[in-house]
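*Asks:*
Numbering (the numbering used here), first residue to last: 48 to 336.
The structure is reproduced here in structure tokens:
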């Protein structure tokens, strides 16, 4: 698979290497191995990155995968269809964003393997630090592996799909570090996804408009604007979520603007609005700055 000349492998590898214990993702040099459930079977997705190219392989403990399904998954994970060139062309001369675009050319947003992974990760990360969220995510993976035997033959544990997670109960999630509210939300979302009432994969494959996804997710208890925007960004590669309530975005915007205090969420929302329909990609640039 060809990669753009401006592809930034370090960003991609760093995102998937956040858990130093490498329970479900193993980063070695320019290679990443990721444990996923492929149509319910434990699988290891391997991407070997080199200048201008990515070699992709999926090893499944079950029926051989269809190559026609594997290639779109790799493109999605790598963010190859994101509008980075359009943003640079439209706002390369912006007084604040322009220098950031020049300093971080070709920045893309690494994606979760599935929308459910993105949504469940967003729930996990609500109002806690990244380090705490990574720790709880690891314990969730270990818990589902113990309960359902989702470890791949390579030794990698696999991130649970909705059906696997839906079979857990609140005490198991509480033991993994989730609050009572988050445990209830996560189970509700998993069960709604597993029974087909929340068609996350269908939305991805049919490129359902972000506004429609947003309206449906907003009806779920425990799911607020930040969780929805983060899910749209990491799970659907939708680049126009505002993320103005994100603390890191506000702090990075403070530094970019040279202010003494972080802008309020409303002020951040107003500043990001000028970059629609790429507000979330601008937020990712702020994160990376």
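Backbone N, C-alpha and C define an ideal beta-carbon position, used for all residues, glycine too.
1. Report the rounded CA-to-CA distance for residue 253 versus residue 183, giving the unit in angstroms.
2. What alpha helix (DSSP H) runs, 4 residues minimum, are completely inside the region 191-241?
3. Do three or more CB pairs link the region 288-299 to the region 153-172 at distances below 8 angstroms?
4. List the endpoints of the continuous alpha helix (DSSP H) containing residue 89.
5. Considering only C-alpha positions, which residue in the set 84, 298, 97, 302 is nearest to residue 312?
6. Based on the DSSP secondary-structure assignment, which residues constitute the bridge partners of residue 83?
7. So the candidates are 222, 48, 150, 81; which of them puts its Cα closest to the Cα of residue 62?
8. Output the boundary residues of the beta strand (DSSP E) element that contains residue 75.
9. What is the C-beta distance between residue 209 and residue 189, in whole angstroms, given that I count them as a contact (C-beta under 8 angstroms)?
10. Kindly indicate the opening and closing residues of the alpha helix (DSSP H) around residue 294.
11. According to DSSP, is residue 49 helix, strand or coil?
12. Report the rounded CA-to-CA distance for residue 322 versus residue 117, giving the unit in angstroms.
13. Grouping DSSP H, G and I as helix and E and B as strand, with all else coil, what is residue 106?
14. What does DSSP give as the partner residue(s) for residue 326 in the beta ladder?
15. As a quick exercise: from 144, 228, 199, pick the residue whose alpha carbon is nearest that of residue 93.
16. Contact between the region 107-123 and the region 71-90: three or more CB pairs below 8 angstroms?
17. Return the CA-CA distance between residue 134 and residue 50, expressed in angstroms with no decimal places.
18. Pick from 211, 123, 140: whose alpha carbon is nearest that of residue 235?
*Replies:* Let me lay it out:
1. 32 angstroms
2. Within the region 191-241, the complete alpha helix (DSSP H) segments of 4 residues or longer fall at 209-213, 217-222, 227-241, listed in chain order.
3. Touching, no.
4. It is not in any alpha helix (DSSP H) - residue 89 instead sits in the beta strand (DSSP E) that spans 88-97.
5. 298
6. 90
7. 81
8. 72-75
9. Actually they do not touch by this definition, with Cβ atoms about 18 angstroms apart.
10. 294-304
11. The answer is strand: DSSP assigns residue 49 an E or B state.
12. 33 angstroms
13. DSSP places residue 106 in strand when its eight states are reduced to three.
14. Answer by DSSP bridge pairing: none, since residue 326 is not bridged.
15. The option with the nearest alpha carbon to residue 93 is 199.
16. yes
17. In this structure, the alpha-carbon of residue 134 lies about 19 angstroms from that of residue 50.
18. 211
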